[in-house]
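There are 2 protein chains.
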Amino acid sequence: MPTRAAHPPATQAAPSSSDQTRAALIRAGLRLFGAKGFAGTSTRDIAGLANANIGSIAYHFGGKEGLRAACATHIVETIRAVAAQALGPDLTAPAPQAGPEAAAAILKAALERMINFVVARPEAGEIVQFIVRELSQPTAALDIIYDGVFEPTHRRLCDIWQQATGEPAESDRTKLTVFTLIGQVVYFRIAREPVLRRMGWTTIGKAEAAAVLDVAAANLNAILTDRKGRKP
Amino acid sequence: MPTRAAHPPATQAAPSSSDQTRAALIRAGLRLFGAKGFAGTSTRDIAGLANANIGSIAYHFGGKEGLRAACATHIVETIRAVAAQALGPDLTAPAPQAGPEAAAAILKAALERMINFVVARPEAGEIVQFIVRELSQPTAALDIIYDGVFEPTHRRLCDIWQQATGEPAESDRTKLTVFTLIGQVVYFRIAREPVLRRMGWTTIGKAEAAAVLDVAAANLNAILTDRKGRKP
DNA sequence: TGACTTTAATCATTCGTTTGATTAAAGACG
DNA sequence: CGTCTTTAATCAAACGAATGATTAAAGTCA
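Shown next as C-alpha cells:
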C-alpha cells in the first residue's frame, strides 16, 4: 500500500503548499520549454524537475497547454519588472517629457538594462528562448507576451525616440529603428553559441556584456547624432 | 541500415526518382523542422508533405537525425549561393582589397542582399527558423552550419569592415559590431510576428523590405562615419 | 536479371491525460 | 468542545494514442 512514509519528509521538504507547487511547475516549465521546446519537453520531465507529481500539471493548469500560458504570464510579469527600472513603473502611462539629451540618456540606460538582462542574466536565456520558440509558431502564449510586453515597451521606446530626435514616434521609420536597436541586442542571446565560438569566449558574463554594451551604445550614439542632424 | 553511401552522380542529368524523393524529403524536413521544431515534427508528417513513404527517410538518411544533418548541409549550400552574390564566389579566399568607399559600398550591398533574402524571401523563413532552433540546442547540424556559413561569412565581413574603417578586422570591437549589423536584420525575421502587428503590416514583401533596408542602411552609414571619425 | 527504391505492416517506446485512492486541512453543527 | 462532512491537493498506476525504427515483400529501371 502506498504510504507517505515511502516519500520521507527529507525529500519532500516542507509540505509544499499549492502555490509552491504551482510556482515550481512554472519555473520548471519555463526552463524546459525554453531549452528543449514545447514538444520536446515531456510532462514527466517537468514534474521531475519541479519535484511534483505528473498529475499536478493537469490539476493546476488543466494540462500542458495551460502550463505554457501560465509561463507566458510569468514572463510578462518578470519583464515588466525589469522594464520598470528603466522606463518607469507604468508602461501604459504617458511617457515623462524630457529634453533631447535627457531622452538620449534614457535610451542609453534602457539599452544597458536590456543588455544586462537579456545578454548576461542566465534566467533571461530561458525567457528569450521561450519567446523565440513562440514567435515561430504563435499560440495564445504569444498574445499574452505581445500585449503585455512587446507592444507597450516598443511604444514607450518610440515615444522617447521622438523626444531625443524629433522624429514622429509612430512613424514607420521610428518604429523600425527601435526594432533594429532591440534586434542587435537580442541577437547576442539568440545566437549566443556562434558568438561564443567566434569571439573565443566561454561565457557571456560581466566583462563580455560590457564589451557588447560598448558597441551597442556606440551604435546608438552614432544613429542618434545622424538622425538629429538631418530632416527625414 | 541501407543509408545511401555517396551523393548521387554529380553530372547534370534528369533527376532520378531517388533524387526527387531525397530532395522532397529535405525540403519537407526543412520546412517542418523550422516551423514545428525537430521534436515536434513526426516522420509521418515529413513523409506526408514530401509525398514519400515513411521508410524512405530511414533509407535515404539513416533516420530522422540524418535528415536533420542533410537539411543543415542544404542550408549551407543555399546561403553560400546567396552570399556569393555579394561577397564573391569563395568565402575562404582572401578578400579583395578595396578602398574605404568601395568597402563601404560592399557592406551596403551585403546588407541589401541579406535583407532581401532573410526578411523578404519566404524560403528564408524556414531556414532561419531551423537555424534558430539549432542555436538553442546545438547538435551536429549546428556545427555544419557554423563552419559552413557563420564563421566564413562573419570573418569576411570583418575583413571588409577593416577596409572601410581601418579598425582591425579581428578585434573584439569589429567582430561585435558586425554581429550587431547582422542581428538588427535577422531580428526582423525572428520577431516577424510582433513586427507585423506593431507596423500594421500583413506581410513583409518588397515594399516593407525596402523600408527595413532604408533604416538598416542609414544605421550602417551612421556607424561607419562615426567609426571613421575617431580613433579606438 | 540484378541492384536500387518504395511500400505496407509491425515493433517497442514514449507521450499527455485520466483515474481512483489517500491525505490533511477547513467547515458545519449540535 | 468534539464529531462528522466537505474540499483541495497529491500520488501511483494505467490508458489509448502517437512516435521512430525496422523488416520483408513488392515494385522499378537500366
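Going down the list, the protein sequences come from chains A and B. This note's numbering numbers the first residue of the first sequence as 12 and each following residue consecutively. This note's numbering numbers the first residue of the second sequence as 12 and each following residue consecutively. In this text, a Cβ means the ideal position worked out from N, Cα and C, and glycines have one as well.
Let's test the definition: count the other Cβ atoms within 10 Å of the Cβ of residue i and tell me whether it reaches 16, buried, or not, exposed.
i, result
"Ser29 (chain A)", "exposed"
"Pro105 (chain A)", "exposed"
"Arg203 (chain B)", "buried"
"Ala220 (chain A)", "buried"
"Thr52 (chain A)", "buried"
"Gln174 (chain A)", "buried"
"Gly48 (chain B)", "buried"
"Ile117 (chain B)", "buried"
"Pro100 (chain A)", "exposed"
"Pro205 (chain B)", "buried"
"Pro13 (chain A)", "Per-residue confidence for Pro13 (chain A) stands at a pLDDT of 27, beneath the threshold of 50, marking its modelled position as unreliable; the derived number appears in the next sentence. By the 10 Å Cβ count, Pro13 (chain A) comes out exposed."
"Ile65 (chain A)", "exposed"
"Ile142 (chain A)", "buried"
"Ala218 (chain A)", "exposed"
"Thr164 (chain A)", "buried"
"Leu224 (chain A)", "buried"
"His18 (chain B)", "Bear in mind that a pLDDT of 33 at His18 (chain B), under 50, signals an unreliable position, so the model cannot answer this."
"Thr214 (chain A)", "exposed"
"Tyr70 (chain B)", "buried"
"Thr103 (chain B)", "exposed"
"Lys242 (chain B)", "Residue placement at Lys242 (chain B) is flagged as unreliable, the pLDDT there being 48, under the threshold of 50; a coordinate-derived value is accordingly withheld."
Confirm, please, whether the CB-CB distance from residue j to residue i is below 8 Å.
i, j, result
"Glu137 (chain A)", "Gly45 (chain A)", "yes"
"Val160 (chain A)", "Val87 (chain A)", "yes"
"Ala79 (chain B)", "Ala152 (chain B)", "Sequence inspection shows Arg at residue 79 (chain B); the Ala mentioned does not correspond to that position. Against a cut-off of 8 Å, the Cβ pair of Ala152 (chain B) and Arg79 (chain B) comes out as a contact."
"Val226 (chain B)", "Arg166 (chain A)", "no"
"Arg200 (chain B)", "Glu162 (chain A)", "no"
"Leu235 (chain B)", "Ala115 (chain B)", "yes"
"Ala233 (chain A)", "Asp237 (chain B)", "yes"
"Ala50 (chain A)", "Ala50 (chain B)", "yes"
"Thr176 (chain B)", "Lys239 (chain B)", "yes"
"Arg55 (chain B)", "Val93 (chain B)", "no"
"Tyr198 (chain B)", "Val197 (chain A)", "yes"
"Ala58 (chain B)", "Phe72 (chain B)", "no"
Out of the options, point me to the one whose CA is closest to residue i's CA.
i, options, result
"Arg91 (chain B)", "B:Ala121, B:Pro111 and B:Phe72", "B:Ala121"
"Ala39 (chain B)", "B:Arg124, B:Leu60 and B:Arg55", "B:Leu60"
"Ile37 (chain A)", "A:Ile68, A:Lys47 and A:Gly48", "A:Ile68"
"Leu41 (chain A)", "A:Asn62, A:Thr84, A:Gly73 and A:Tyr70", "A:Thr84"
"Asp170 (chain B)", "B:Leu98, B:Tyr198 and B:Leu43", "B:Leu98"
"Thr231 (chain A)", "B:Gln195, B:Phe72 and B:Gly216", "A small fix is needed here, since residue 231 (chain A) is Leu in this sequence, not Thr. Of the candidates B:Gln195, B:Phe72 and B:Gly216, the one whose C-alpha sits nearest the C-alpha of Leu231 (chain A) is B:Gln195."
"Asn127 (chain B)", "B:Gln108, B:Gln96 and B:Thr103", "B:Gln96"
"Glu178 (chain A)", "A:Val223, A:Gly216, A:Pro111 and A:Gly77", "A:Pro111"
"Gln108 (chain A)", "A:Trp172, A:Lys119 and A:Leu187", "A:Trp172"
"Leu207 (chain B)", "A:Lys186, A:Ile57, A:Leu168 and A:Lys75", "A:Lys186"
"Ala135 (chain A)", "A:Thr32, A:Pro149, A:Gly216 and A:Lys75", "A:Gly216"
"Glu76 (chain B)", "B:Tyr157, B:Thr150, B:Ile193 and B:Asp158", "B:Thr150"
"Ser147 (chain A)", "B:Thr32, B:Leu43 and B:Trp212", "B:Leu43"
Determine the chain A residues that contact residue i at a beta-carbon separation under 7 Å, and present them in chain order.
i, result
"Leu41 (chain B)", "Simply none; closest approach about 13 Å."
"Glu123 (chain B)", "Within 7 Å Cβ-Cβ: nothing; Glu123 (chain B) doesn't reach chain A, min ~15 Å."
"Ile57 (chain B)", "Correct list: empty, because the minimum Cβ distance to chain A is about 14 Å."
"Phe72 (chain B)", "Result: empty, since nearest Cβ-Cβ is about 20 Å, beyond 7 Å."
"Glu162 (chain B)", "Arg209"
Output, in chain order, the set of chain B residues within a Cβ distance shorter than 9 Å of residue i.
i, result
"Pro149 (chain A)", "Glu204"
"His165 (chain A)", "Pro205 and Arg209"
"Leu153 (chain A)", "Glu204 and Pro205"
What in chain A is Cβ-close to residue i, meaning under 9 Å?
i, result
"Phe128 (chain B)", "Chain A residues near Phe128 (chain B): none, gap ~16 Å exceeds 9 Å."
"Phe190 (chain B)", "Gln195, Tyr198, Phe199, Ala202, Pro205, Val206, Arg209, Met210, Val223 and Val226"
"Ala135 (chain B)", "Going along chain A, no residue has its Cβ under 9 Å from Ala135 (chain B), so there is no contact; the nearest lies around 13 Å."
"Ile234 (chain B)", "Ala229, Asn230, Ala233, Ile234 and Asp237"
Cβ closer than 8 Å: which chain A residues qualify as neighbours of residue i?
i, result
"Lys47 (chain B)", "Ala50 and Gln148"
"Ile68 (chain B)", "Chain A residues near Ile68 (chain B): none, gap ~18 Å exceeds 8 Å."
"Phe44 (chain B)", "Within chain A, no residue comes near Phe44 (chain B); the closest Cβ sits about 11 Å away, beyond 8 Å."
"Val143 (chain B)", "Val143, Ser147 and Ile201"
Anything in chain B within Cβ reach of residue i, meaning under 7 Å, just list it in chain order.
i, result
"Gln31 (chain A)", "Simply none; closest approach about 29 Å."
"Gln140 (chain A)", "Ser147"
"Lys186 (chain A)", "Arg209 and Met210"
Less than 7 Å between the CB of residue i and some heavy atom of the ligand NAP, yes or no?
i, result
"Ser182 (chain A)", "Because no ligand of any kind appears in the structure shown, any question about the ligand NAP cannot be addressed here."
Continuous alpha helix (DSSP H) assignments of at least 4 residues falling wholly in the segment 43 to 72 of chain A: 54 to 60 and 65 to 72
Contained alpha helix (DSSP H) runs [length at least 4] in the segment 90 to 128 of chain B, N- to C-terminal order: 111 to 125
Which complete beta strand (DSSP E) runs does the segment 190 to 233 of chain A hold, if anything under 3 residues is left out? none
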